[in-house]
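Contents: one structure, followed by commentary.
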Amino acid sequence: MSKRRSILLLLFLTAATASAVVRHLPIKSGVVLQPGQAYTVQLESSQPVEIGWTATQAKPCSTNCIEATELTQNTHFSFATGLGSSKQYQPVDGKIAVQYKNISQAPVTIDIYRVQRICDAEACRFFDSTKKGRTQVFKIDEFKSITTSADGSYSLISGIAMSGRPFRVRVIWWSDDSKAVYLHCAPWIKRYIDNHTPKEQYRTYVLSGIEVGDGDNLVLKSVDDCVPRADHFGVLSEDEVFK
Numbered sequence: 152m153s154k155r156r157s158i159l160l161l162l163f164l165t166a167a168t169a170s171a172v173v174r175h176l177p178i179k180s181g182v183v184l185q186p187g188q189a190y191t192v193q194l195e196s197s198q199p200v201e202i203g204w205t206a207t208q209a210k211p212c213s214t215n216c217i218e219a220t221e222l223t224q225n226t227h228f229s230f231a232t233g234l235g236s237s238k239q240y241q242p243v244d245g246k247i248a249v250q251y252k253n254i255s256q257a258p259v260t261i262d263i264y265r266v267q268r269i270c271d272a273e274a275c276r277f278f279d280s281t282k283k284g285r286t287q288v289f290k291i292d293e294f295k296s297i298t299t300s301a302d303g304s305y306s307l308i309s310g311i312a313m314s315g316r317p318f319r320v321r322v323i324w325w326s327d328d329s330k331a332v333y334l335h336c337a338p339w340i341k342r343y344i345d346n347h348t349p350k351e352q353y354r355t356y357v358l359s360g361i362e363v364g365d366g367d368n369l370v371l372k373s374v375d376d377c378v379p380r381a382d383h384f385g386v387l388s389e390d391e392v393f394k
């Protein structure tokens with residue numbers, strides 16, 4: 152990643168202030184793990200479940216202290232953090248098993264919980280949260296308009312792609328957790344439009360994420376790039392590019 156692009160991404164990362172509906176439903180609280188000790192959570196479910204943990208001891212971990220390992224998948228994916236984290240797990244034969252291991256040199260106390268996300272944003276009416284979607288990259292020649300919802304969860308953006316084709320897309324900035332850190336490019340795009348910025352100053356503008364709309368109803372969520380003057384932005388396949 153270039154230095155210019157890194158700076159832009161830092162500028163675009165925004166923490167929202169509106170309330171969100173994310174609930175933690177306890178699975179096991181106050182689990183004390185000595186160094187090297189592990190605790191395994193086992194659940195029965197036919198659907199994916201997001202499971203998380205939070206360290207609750209008085210003295211926070213100074214390093215990555217808890218390693219979470221998925222036991223039901225053959226890959227046994229694992230990751231370690233110091234404060235807590237969550238991940239969505241896929242069931243195998245109706246079961247989910249996750250191991251939490253203390254990899255530090257001091258005792259750690261954790262709470263383990265299910266994460267329940269309720270999509271209450273204005274953006275939620277425009278997409279099915281269970282739909283996986285596909286990677287979509289907009290290489291934009293010119294922006295024409297942008298309207299952002301009152302809660303800031305989505306923007307309706309129109310413009311002209313580098314191919315010359317007009318587009319109109321709803322871009323989802325957040326849906327269930329407005330307090331999370333997310334990529335929010337609406338203020339910058341609005342500034343281009345309001346200031347009548349010559350398109351030569353920002354094209355090729357790249358806006359990419361996961362397309363989850365149907366037919367002509369373009370909806371882009373999980374936005375991972377919004378970068379101006381990205382003439383050489385690479386894609387895995389040209390099929391990912393809106394044309």
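Heads up, this note's numbering is the position in the sequence shown plus 151, with the first residue counted as 1.
For each residue, glycine too, the CB sits at the ideal point set by N, CA and C.
For residue j and residue i, the rounded distance between their alpha carbons
i: residue 115; j: residue 261; result: Here the chain covers residues 152 to 394 and nothing more, so residue 115 does not appear.
i: residue 189; j: residue 352; result: 55 Å
i: residue 154; j: residue 201; result: Residue placement at residue 154 is poorly supported in this model, since its pLDDT is 37, which falls under 50; the coordinates are not used for a value here.
i: residue 380; j: residue 265; result: 42 Å
i: residue 350; j: residue 214; result: 47 Å
i: residue 255; j: residue 267; result: 29 Å
i: residue 237; j: residue 227; result: 16 Å
i: residue 346; j: residue 336; result: 16 Å
i: residue 393; j: residue 343; result: 21 Å
i: residue 313; j: residue 385; result: 15 Å
i: residue 372; j: residue 389; result: 19 Å
i: residue 170; j: residue 290; result: For residue 170, the pLDDT reaches just 40, beneath the cut-off of 50, and the residue's location in the model is therefore unreliable, leaving the point undetermined.
Residue i burial status per 10 Å Cβ neighbour count (16 or more: buried)
i: residue 383; result: exposed
i: residue 259; result: buried
i: residue 197; result: exposed
i: residue 295; result: exposed
i: residue 184; result: buried
i: residue 269; result: exposed
Rounded Cβ spacing between residue i and residue j (contact assumed at less than 8 Å)
i: residue 471; j: residue 320; result: The displayed coordinates of the chain run from 152 to 394. Any statement about residue 471 would go beyond what the structure contains.
i: residue 252; j: residue 221; result: Wrong, their Cβ atoms sit about 12 Å apart, outside the cutoff.
i: residue 357; j: residue 288; result: 6 Å
i: residue 191; j: residue 250; result: 5 Å
Span of the alpha helix (DSSP H) around residue i
i: residue 317; result: Residue 317 -> not in any alpha helix (DSSP H); beta strand (DSSP E) instead, spanning 317-323.
i: residue 345; result: 337-345
First through last residue of the beta strand (DSSP E) which encompasses residue i
i: residue 365; result: Looking at the DSSP string, residue 365 is not in any beta strand (DSSP E), and its letter there is neither H nor E.
i: residue 246; result: 246-253
i: residue 459; result: Outside the modelled stretch of the chain, which goes from 152 to 394, sits residue 459, for which no answer is possible.
i: residue 219; result: 217-221
i: residue 205; result: 200-206
i: residue 269; result: Run containing residue 269: none; DSSP gives neither H nor E here.
Quick one: any contact between the stretch 271-285 and the stretch 234-243, if contact means 3 or more CB pairs under 8 Å?
Result no; under three Cβ-Cβ pairs closer than 8 Å.
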